[in-house]
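See below for the structure under consideration.
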Amino acid sequence: MICEVCSAVIAPLDQLRWLVKKLGPLAYGNPTLVLVGGRELKVVEPGVKSSSQDVLRQQRVSIACPRCRRKTSLAV
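Each position in the sequence shown, counted from 1, maps to that position plus 37 in our numbering.
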C-alpha cells in the first residue's frame with residue numbers, strides 16, 4: 038500500500054487486510070484501516086491525488102503514512 042500524499046510505502050496490502058480482520062470494530066479508529074476495509078466491501082473508491090504541493094487538512098481521510106498523517110493533523 039502506498040501513501041496517497043507522498044507515495045511512500047506504508048505496508049503490504051495483505052497485512053493491512055489482516056489487521057482489519059483481526060481488529061474488527063477497533064479498526065475504525067484508524068482512517069487507513071477504514072479505507073482498506075471499505076475497499077474490501079466495494080464502498081470506497083481509490084483516492085484522487087491533490088494537485089497542491091502543500092499537505093492539506095482535507096487529506097486527513099486518505100491512505101497516508103504516519104509522517105503525512107501527522108502533517109495533515111497539524112495543517113491549518
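Glycine residues also receive a C-beta, built at the ideal position from the N, C-alpha and C atoms.
Cβ-based burial, residue i [other Cβ within 10 Å; buried from 16]
{"i": "residue 100", "result": "buried"}
{"i": "residue 111", "result": "exposed"}
Contacting residues, own chain, Cβ-Cβ under 6 Å from residue i (five flanking each side not counted)
{"i": "residue 105", "result": "40, 42 and 43"}
Beta-carbon gap between residue i and residue j smaller than 8 Å
{"i": "residue 57", "j": "residue 70", "result": "yes"}
{"i": "residue 45", "j": "residue 38", "result": "no"}
{"i": "residue 98", "j": "residue 68", "result": "yes"}
Candidates the options, of which the one nearest residue i by Cα
{"i": "residue 55", "options": "98, 74, 111 and 110", "result": "74"}
{"i": "residue 50", "options": "65, 76 and 110", "result": "76"}
Close beta carbons around residue i, own chain, < 7 Å, minus the five adjacent residues each side
{"i": "residue 66", "result": "none"}
8 Å Cβ shell around residue i - same chain, five flanking residues per side excluded
{"i": "residue 60", "result": "70"}
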